[in-house]
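Shown next, in structure tokens, is the structure this report addresses.
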Amino acid sequence: MNNILTITTHELRRLFKSPLAWVILAVVEFLLAIFFLILLNQFMNPGPWFAGRGATEIVIAGLLQISGIVILLVTPFITMRIFSEERRTGTIKLLLSSPVTITELVLGKYLGTLVFLVVLLALITLMPLSLLLGTPVDFLQVAAGLLGLFLLMASFAAIGLFISTLTSQASIAAITTFGVLFMLWIINLASTTGGEIFRAIFSYLSLLKHYNSLINGVFNSADVIYYLIICITFIVLSIWRLDGERRHQ
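Quick note: the sequence shown uses our numbering, first residue 790, plus one each step.
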């Protein structure tokens, strides 16, 4: 456990020492602040489409929907160096030959990345909370939506973690991660074609489908289990990948 915490702290320190991480935090907050103001204006001056909807539906759900897309775009840049940088500099050999287990190494790296994303989540949360100063909100829907965004971040981080174990080029890791995330984001579009079995499979695999359920306030354990499966699967794949590399050293 101490090894995991040490690696987590080291990974988190590495992220916050990187100018890219601060740029990502600033750009994400700036973009979402603009969208937040646009959605707030739509709530204050509702057209026919938004008539009868509350602040939670218009502003918070809308902001979380956009947040998911923005996080999808920036996560590859956060995860691309987790292991690819170690491989490029040659320090991966030192890590694999250290007394730390592969599981501890992977979990420490993953948790460090996830904590960084949680910081980003906390900053995003401040915007919906500011609505409490002037209008009532549906706390259950907000809680479900924030849980959904956290699970989405955790899934993105796990996928990016695994892909970073496959290459020494951070740019390749970033592009591949984006491609996989984007495919899983829009795969539900394929559910409109093909047989019933294929439609069910594509619909279940969709990150967007499960996320939409949560941000709309529909808490279903199946959605949570889906994200947990994604996280566990790619963390285990990362462990297997590095463990196999250690055995062949």
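For glycine and all other residues, C-beta sits at the position ideal for the given N, C-alpha and C.
Comparing C-alpha distances from valine 926 to each of Val1007, Leu814, Ala844 shows the shortest one belongs to Ala844. Residue environment: alanine 962 is assigned as buried (16 or more neighbouring CB atoms within 10 Å of its CB, all protein chains considered).
For lysine 898, the number of other beta carbons within 10 angstroms of its own is at least 16, and it is reported as buried. Here leucine 826 is exposed. Its C-beta has fewer than 16 other C-beta atoms within 10 Å. Spatial neighbours of arginine 1035 in its own chain (CB-CB distance under 7 Å, excluding positions within 5 residues in sequence) are listed in chain order as Leu885, Ile891. In the DSSP assignment, glutamine 958 falls outside any alpha helix (DSSP H), carrying neither H nor E. Counting along the chain, no alpha helix (DSSP H) covers asparagine 1005, and no H or E run does either. Three or more Cβ pairs closer than 8 Å define a contact, and the region 893-907 meets that threshold against the region 796-810. Within its own chain, the residues whose Cβ lies closer than 7 Å to the Cβ of leucine 929, once the five positions on either side in sequence are excluded, are Gly1006, listed in chain order.
In the structure shown, phenylalanine 872 falls within a coil segment according to DSSP collapsed to helix, strand and coil. Collapsing the DSSP output to three states places aspartate 927 in coil. Just so you know, the alpha carbons of alanine 947 and leucine 894 end up roughly 14 Å apart. For glutamate 846, there is no enclosing alpha helix (DSSP H), as DSSP marks it with neither H nor E. Within the same chain, and ignoring the five residues on either side of serine 957 in sequence, the residues whose Cβ sits closer than 6 Å to its Cβ are Ser873, Arg876, Arg877. A residue is called buried when at least 16 other Cβ atoms come within 10 angstroms of its Cβ; alanine 911 does not meet this threshold and is exposed. Per the C-alpha coordinates, the member of Val969, Leu1003, Ile1014, Leu920 positioned closest to alanine 932 is Leu1003.
For phenylalanine 805 and glycine 937, the gap between their C-alpha atoms comes out near 25 Å. Cβ atoms of alanine 943 and tyrosine 1016 come within 8 Å of each other, at about 7 Å. Separation of phenylalanine 991 and threonine 864 (C-alpha to C-alpha, rounded to the nearest whole angstrom) is 23 Å. Distance between phenylalanine 1023 and methionine 833, taken at the CA atoms: about 43 Å. Residue state for asparagine 834 is assigned as coil, using DSSP reduced to three classes. Taken through DSSP and simplified to helix, strand or coil, methionine 790 comes out as coil.
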